[in-house]
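Colleague:
Protein chains: 4
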Amino acid sequence: MSGHPAAPAWQVSQWFNASAPLDLIALRGRVVVLHAFQMLCPGCVLHGVPQAERIHQQFAGEGVAVVGLHTVFEHHEAMQPVSLQAFLHEFRVTHPVAVDAPVPGRRIPATMQAYGMQGTPTLVLIDRAGRIRRQHFGRLDDLTVGAEVIRLVCEAS
Amino acid sequence: MSGHPAAPAWQVSQWFNASAPLDLIALRGRVVVLHAFQMLCPGCVLHGVPQAERIHQQFAGEGVAVVGLHTVFEHHEAMQPVSLQAFLHEFRVTHPVAVDAPVPGRRIPATMQAYGMQGTPTLVLIDRAGRIRRQHFGRLDDLTVGAEVIRLVCEAS
Amino acid sequence: MSGHPAAPAWQVSQWFNASAPLDLIALRGRVVVLHAFQMLCPGCVLHGVPQAERIHQQFAGEGVAVVGLHTVFEHHEAMQPVSLQAFLHEFRVTHPVAVDAPVPGRRIPATMQAYGMQGTPTLVLIDRAGRIRRQHFGRLDDLTVGAEVIRLVCEAS
Amino acid sequence: MSGHPAAPAWQVSQWFNASAPLDLIALRGRVVVLHAFQMLCPGCVLHGVPQAERIHQQFAGEGVAVVGLHTVFEHHEAMQPVSLQAFLHEFRVTHPVAVDAPVPGRRIPATMQAYGMQGTPTLVLIDRAGRIRRQHFGRLDDLTVGAEVIRLVCEAS
């Protein structure tokens, strides 16, 4: 189980669907599904975001925390938080969503940079000990995702 | 063929995917498919906008003009033209899209009001003589739409 | 409108969903949609047969006759009429379906041979005068099919 | 972990996609996914069978055995083994499939009766110790199935 990198801390400028900020320290002991997306990325809207919501609906009761991360790296003016908020409302996203903190003078926001993400959607599976066990850019089918999430749930904490 | 109301003029604040403004007078003699949508309306993003694009791709060559109309009546701040522009780019919308002109002090924009639309998506089929032959709020399946568009195409101009 | 071949007569060994045999002479004056399929052909089961049923449901009222043609050219023992009957019942096919007449010593049944069909599914559009206006092997999308059927409906009989 | 019933032995008249008969004794130590279906049941053809094949493709390498069970309880003449064989070939089913043994004078075949199945599709998850851990009539989504299969894989054998 060694050799897996620790998941970098999240750098967040704003939270939606969360009564208080979330962080990996507080989530230690839970399996964390981090879903990086952009509200105007078709693969995210059509596949990634609904899948993240399904994971949340189905596994929240067994110690799985699903967190959306809005990693805007293009069309920055088009995807400001006021637009994201309406998107989350209209698409009935109920899991917590963080706005990845912009970095002045850079196109790529801070957390996206720290994780070395290549684009959106990206799914990151983080184990109970806070280590990255899988990071995938693009689509993963539900059968795979259900299996991989539960594999981490089944590990001793 | 009498008894069909004339389609009201469009009141537009901005055009995308058009080298010059379009209007119903100039389109007289063509069948016009007007698709009213909002970029953050799930039924529009998942169904209406791709269908409008399919109609454009398939029937543009036979005198059918497809025009999108961005009728923002909720979350106005979230769906400004800068956001719409990125949406059209990312979702590969190539047909002309008009921004329905906002009316100061009113929630509903001008053209949406003039047509008495109940929401989005709304599909309006306008015949060669500029008359509204069908106005439908909600989803219409492709078989129906293909049939109704071509029925108007087949009418003598 | 000249130059379109006359649709060959159907050679049928058995009918389902029909109180009496149908033929092209009796259907003259109507637009006929002939859908050739096999009950164990995935493209037929998943796409062609449900589409033929949708055409039937939607356009039967405007002089369109949809006829399924079970053209068994492989796995003959597997797709005998008793199996087809159960298939039509279970998949809720309500339009008339003909069993293409087997030809002793030949793999390909009689009507399939007469039309020169390459495989299943094949959609044949026959105009009011009994001429083949389109014959397509493979999938056609609903937008195209709705348009092409109505184009024939709109022609003077 | 106690309290789960032992999975009844399979009563099989014929195997497809298997070089030798399979049985639960020989599969002890593996997680078994038993998928009961009928080749003319739409829910099976459209959902259950492709899902069973996906489970086979994805999890065969980690000690999961997927077995299809053709439990014909209606239209018996329509779904004889010769038809099933063509179905499996055409729909590219590669996992082993057993024909549930008919019982003379009874509509319901032997294994279906022994498991008390209510219809098709039915998915049965059997743990490494040969006990039924889940039996579900109808559709289960991929996220649930992926999770439940891997939960059993993760159990000590």
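Residue numbers (our numbering), protein chains in the order written: chain X, 111 to 267; chain D, 111 to 267; chain Y, 111 to 267; chain S, 111 to 267. By construction, the Cβ of each residue, glycine as well, lies at the ideal position given by its N, Cα and C atoms.
Among Y:217, Y:169, Y:265 and Y:192, which residue has its Cα nearest to the Cα of residue 256 of chain Y?
Modeller: Y:169
Colleague: Is the beta carbon of residue 219 of chain D sitting closer than 8 Å to the one on residue 132 of chain D?
Modeller: no
Colleague: Could you give the uninterrupted runs of the alpha helix (DSSP H) lying entirely in the region 130-197 of chain X, keeping only those of 4 residues or more?
Modeller: Qualifying alpha helix (DSSP H) stretches, in chain order: 134-137 and 159-169.
Colleague: Looking at C-alpha atoms only, which residue of D:147, D:228 and D:224 is the closest neighbour of residue 189 of chain D?
Modeller: Taking only the C-alpha atoms, the option nearest residue 189 of chain D is D:147.
Colleague: Between residue 252 of chain D and residue 144 of chain D, what straight-line distance do the alpha-carbon atoms span, to the nearest angstrom?
Modeller: 15 Å
Colleague: Comparing alpha-carbon positions, which option in S:142, S:200, S:140 and S:179 lies nearest residue 212 of chain S?
Modeller: S:179
Colleague: Let me know the secondary structure DSSP gives residue 223 of chain X once reduced to three states.
Modeller: Helix, per DSSP.
Colleague: Does residue 256 of chain Y come within less than 8 Å of chain D when only Cβ atoms are used?
Modeller: yes
Colleague: When you compare only the Cα positions, how much space is there between residue 155 of chain X and residue 137 of chain D?
Modeller: The C-alpha of residue 137 of chain D is placed about 34 Å away from the C-alpha of residue 155 of chain X.
Colleague: Check residue 204 of chain D in the structure and name its three-state DSSP category.
Modeller: Reduced to three states, the DSSP call for residue 204 of chain D is coil.
Colleague: Going along chain C in order, which residues have a C-beta closer than 8 Å to the C-beta of residue 168 of chain Y?
Modeller: Looking at the structure shown, chain C is missing, and the protein chains on hand are X, D, Y and S.
Colleague: Can you find a C-beta in chain S that's less than 8 Å from the C-beta of residue 152 of chain Y?
Modeller: For residue 152 of chain Y, the answer is yes, since a Cβ of chain S falls inside 8 Å of its Cβ.
Colleague: Could you name the residues that DSSP lists as bridge partners for residue 210 of chain D?
Modeller: D:122
Colleague: Pull the bridge partners of residue 116 of chain X from the DSSP assignment, please.
Modeller: X:241
Colleague: Between residue 123 of chain D and chain X, is any beta-carbon pair separated by less than 8 Å?
Modeller: no
Colleague: Quick one: what's got a C-beta closer than 6 Å to residue 194 of chain S's C-beta in the same chain, skipping five residues either side?
Modeller: 149 and 180
Colleague: Can you give the Cα-Cα distance for residue 111 of chain Y and residue 265 of chain Y, rounded to whole angstroms?
Modeller: Confidence at residue 111 of chain Y is low in this model, with a pLDDT of 49, below 50, so its placement is unreliable and no value can be given for it.
Colleague: For residue 183 of chain Y, is the classification buried or exposed, using 16 other Cβ atoms within 10 angstroms of its Cβ as the cut-off for buried?
Modeller: buried
Colleague: Helix, strand or coil: how does DSSP classify residue 233 of chain Y here?
Modeller: strand
Colleague: Could you tell me which residues DSSP pairs with residue 246 of chain Y in its beta bridges?
Modeller: Y:233
Colleague: Where does the unbroken alpha helix (DSSP H) through residue 265 of chain Y begin, and where does it stop?
Modeller: First-last for residue 265 of chain Y: undefined, no H or E at that position.
Colleague: So, at 6 Å on beta carbons, what are the nonlocal neighbours of residue 176 of chain S in its own chain, with the 5 sequence-adjacent residues on each side left out?
Modeller: 143, 162, 165, 166 and 205
Colleague: Cutting at 6 Å between CB atoms, please list the residues of its own chain near residue 124 of chain S, excluding the five before and the five after it.
Modeller: Leaving aside the five residues that flank residue 124 of chain S on each side, the residues in its chain whose CB is nearer than 6 Å to its CB run, in chain order, 191 and 209.
Colleague: Could you tell me whether any Cβ in chain S is nearer than 8 Å to the Cβ of residue 260 of chain X?
Modeller: yes
Colleague: Looking at the C-beta of residue 197 of chain X, does it have a partner C-beta in chain D at a distance below 8 Å?
Modeller: yes
Colleague: Show which residues of chain Y have a CB atom less than 9 Å away from the CB atom of residue 165 of chain D.
Modeller: 253
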